[in-house]
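> Residue numbers (UniProt numbering): 1 to 93.
For glycine and all other residues, C-beta sits at the position ideal for the given N, C-alpha and C.
Supplied in structure tokens, the structure appears directly below.
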């Protein structure tokens, strides 16, 4: 789903507790849709940028933020690859 949603071979997200996420401006511009199963994606209705995905039954307290949308650098201490079974054939992980 990430490949089709982003038009790219993969997407990079950082997951945080919902209580640690604050939207300081433009929350009224968020649009949500159910992309697959219990997953809900959110994007900006003004520019179309993909911003978040959330709703996994096993991680209801978390939200995943598209890393490229952050204004400040994000120091990630854990990296995890998911859905490798659907990766493009030329990508080695």
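#1: Pick helix, strand or coil for residue 15, following the three-state DSSP scheme.
#2: Under the criterion of a Cβ to heavy atom distance below 6 Å, does residue 51 qualify as lining the ligand NAD?
#3: Suppose you measure from the CA of residue 11 to the CA of residue 79; what does that come to, to the nearest Å?
#4: Applying the 10 Å Cβ sphere with the 16-neighbour rule, what's the burial state of residue 88?
#5: Please return the same chain residues whose Cβ sits closer than 6 Å to the Cβ of residue 55, not counting the five positions on each side in sequence.
Judging by the given coordinates:
#1: In the chain shown, counting from the first residue as 1, residue 15 sits at position 15. It is a strand residue.
#2: For the structure depicted, the ligand NAD is absent and the ligand set is empty, with no information on it obtainable.
#3: Translated into the one-based positions of the chain shown, residue 11 becomes position 11. Translated into the one-based positions of the chain shown, residue 79 becomes position 79. Each residue's alpha carbon lies about 13 Å from the other.
#4: Sequence index remark: in the chain shown, residue 88 carries index 88 (1-based). It counts as exposed.
#5: The count along the chain shown starts at 1 and reaches residue 55 at position 55. Cβ within range, chain order: 38, 39, 40.
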